[in-house]
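Below: one structure, written as structure tokens.
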Amino acid sequence: MPDVVMPRLSDSMEEGTVLKWLKQPGDEVAVGDELVEIETDKANMVYESDLAGTLVEVVAAEGDTLPIGEVIAKVGDASEVKADGAGGGDGGDGVGTSAPTKEEKGAEDGEGARVPPAAPATADTASEQPPAEAAPTPAATKAAAGPATPAAAASGDGRVRASPIARRIARERGLDLHGLSGSGPGGRIVKADVEKALTSGAPAAAPAPAAPPRPAAPAAPAGPTPGAKEKPETAKGQVEVVELTKLQQTVARRMAESKATAPHFQLQAEIDMTAAVEARARLKEMAAEGEVVPTFNDMIVKACALALREHPRANGAYRDGRIELYSRVNVGVAVAAQDALVVPTVFDADLKGLRQIAEETRALASRVRDGQITPPELSGGTFTVSNLGMYGISNFQAVINTPQAAILAIGELKAKPVVNESGWIEPRRMMGVTLACDHRILYGADGAVFLGRARELLEDPIGLAL
116 MPDVVMPRLS DSMEEGTVLK WLKQPGDEVA VGDELVEIET DKANMVYESD
166 LAGTLVEVVA AEGDTLPIGE VIAKVGDASE VKADGAGGGD GGDGVGTSAP
216 TKEEKGAEDG EGARVPPAAP ATADTASEQP PAEAAPTPAA TKAAAGPATP
266 AAAASGDGRV RASPIARRIA RERGLDLHGL SGSGPGGRIV KADVEKALTS
316 GAPAAAPAPA APPRPAAPAA PAGPTPGAKE KPETAKGQVE VVELTKLQQT
366 VARRMAESKA TAPHFQLQAE IDMTAAVEAR ARLKEMAAEG EVVPTFNDMI
416 VKACALALRE HPRANGAYRD GRIELYSRVN VGVAVAAQDA LVVPTVFDAD
466 LKGLRQIAEE TRALASRVRD GQITPPELSG GTFTVSNLGM YGISNFQAVI
516 NTPQAAILAI GELKAKPVVN ESGWIEPRRM MGVTLACDHR ILYGADGAVF
566 LGRARELLED PIGLAL
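Residue 116 is where the sequence shown starts when you use the numbering used here, and the numbers rise one by one after that.
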């Protein structure tokens, strides 16, 4: 029978984690049907089947991590489905795995049963799990569930259609997704729907029962015991171990590799943004109702793109002992996602107008925060802009997104007293920036000339519209 293997869903993907099976053994599968949700090194993706037939067996359980090309399921004829429904669940949540998930295994071991936290969750992805308790009989489950609540996000098989981040927040806040209507595509529940339900006081799912108390430890003898060492748990209190997602693991690995292999040097400058502030104010006055107004970050992206076109060495990369210079100017914009840093790409930024860049960056940031960004939107960057000015940071040194040549770190825009050419002090809107360069491809003069050109464009923003 044909095998379904772990697909390659991004150019840098080496392995993937099965988050949720969207079909169960015995279900008919057509080419293009949503089969399984997979966590890659860049994003969560729903894999559409390239085979047609009946899902005979699920080989990889939810939570399993497998390398590219490993078998995760088998598709064949309906007669090949095992009589005991191997790999099939109870059908209530659309999970078709034979092995327990990590959360279920932890519940069986008496671990991880906690009261949902009061603060909103900030993790990227997770699959919705039932309360951690002993598995009831099918009849008991049906009786306890009561009548189903209709919801726009429920599919034909009763499975709730929701984004991974929406599932994670709902699970950690104890919110039942079956009672929500989704505002996403096809009625899919997204993060905003969950946050709205939490704000309006929607009924929460029954919390998991508390773990049984451990037997009291024997009293420690009076006085120190010779040769005894204090346990780390005693010195640090309760320790919570948090497993990294694939995205977090990738960010950690790449940042460590960048600092270890790329010889960083930094160039700092202050940019007079007074004219840019006035220009944006005029754009805001001229904009129609509901029309997107470019932000200062959009202006920076455009200025960098034009400067990169004039200085191609800054738009290159150091790879395998050679320098690559790119014809396209694709600027990555760092976005703070849930417990991770994601860098979606504005492609051909040098050829796009300010308003188009503004529309794209908003759409990309929204998809990042909703967990709907795709690997192609995170690939192909030739330069990166990272802005922490909104947090009151005056200057910072960013880590280069290797193999790119440089990254521009943006500080806050702040009014400062400045001595003008006539010797008078006047208030100006100044912004601190730091350009981190890979010395293997950019030397000090190269980086300084590039940064100077970007500063000229921002201090006289009429050039951004040309």
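Glycine included, each C-beta is placed from N, C-alpha and C at the ideal position. Given the structure is predicted, the values throughout are model-derived calculations rather than measurements.
| Check | Outcome |
| --- | --- |
| Could you please give the first and the last residue of the uninterrupted beta strand (DSSP E) stretch that includes serine 381? | The displayed chain sequence assigns glutamine, not serine, to residue 381. Run containing glutamine 381: 379–387, per the beta strand (DSSP E) assignment. |
| Based on Cα-Cα distance, which residue from Ile522, Val120 and Ala176 lies nearest to glutamine 381? | Ile522 |
| If you draw a straight line from the alpha carbon of glycine 405 to that of glycine 299, how long is it in whole angstroms? | 20 Å |
| Return the Cβ separation of histidine 426 and valine 564 in integer angstroms, given the expectation that the two are a contact with Cβ distance under 8 Å. | 6 Å |
| Is proline 518 helix, strand or coil when you go by DSSP? | coil |
| Quick one, are the C-beta atoms of lysine 399 and valine 407 less than 7 Å apart? | no |
| Residues in its own chain within less than 6 Å of proline 245 by CB, not counting five upstream and five downstream? | With a pLDDT of 40 at proline 245, under the threshold of 50, the modelled position of that residue is not reliable, and no figure is offered here. |
| Taking only three categories from DSSP, how would you classify valine 83? | Look at the range of the chain in this structure, 116 to 581, and you will see that residue 83 is not part of it. |
| If you draw a straight line from the alpha carbon of alanine 580 to that of leucine 479, how long is it in whole angstroms? | 22 Å |
| Pull up the distance between the alpha-carbon of proline 459 and that of glycine 495, whole angstroms please. | 9 Å |
| Per DSSP, which one or two residues make a beta bridge with valine 457? | Val450 |
| Quick check: what's the CA-CA separation for arginine 484 versus alanine 418? | 26 Å |
| By a C-beta neighbour count over all protein chains shown, 10 Å radius and 16 as the cutoff for buried, is isoleucine 304 buried or exposed? | buried |
| From glycine 560 to glutamine 512, what does the alpha carbon distance come to, in whole angstroms? | In the sequence on display, residue 560 carries alanine and not glycine. For alanine 560 and glutamine 512, the distance between alpha carbons rounds to 19 Å. |
| Whole alpha helix (DSSP H) runs in the stretch 276–317 with 4 or more residues, listed along the chain? | 279–288 and 306–314 |
| What separation, rounded to the nearest whole angstrom, lies between the Cα atoms of alanine 247 and aspartate 179? | Per-residue confidence for alanine 247 stands at a pLDDT of 40, beneath the threshold of 50, marking its modelled position as unreliable; the derived number appears in the next sentence. For alanine 247 and aspartate 179, the distance between alpha carbons rounds to 19 Å. |
| Using beta-carbon positions only, say whether lysine 138 and glutamate 152 come within less than 7 Å of one another. | no |
| Give a yes or no on whether the C-beta atoms belonging to valine 144 and valine 173 are separated by under 7 Å. | no |
| Which same chain residues end up closer than 6 Å to methionine 370 when comparing Cβ atoms and leaving out the 5 residues on each side of it in sequence? | Val514 |
| Take the Cβ of arginine 570 as the centre, count every other Cβ of all protein chains shown within 10 Å, and call the residue buried at 16 or more, exposed below. | buried |
| For alanine 74 versus valine 444, is the C-beta distance shorter than 7 Å? | Here the chain comprises residues numbered 116 to 581, so residue 74 is not present and cannot be evaluated. |
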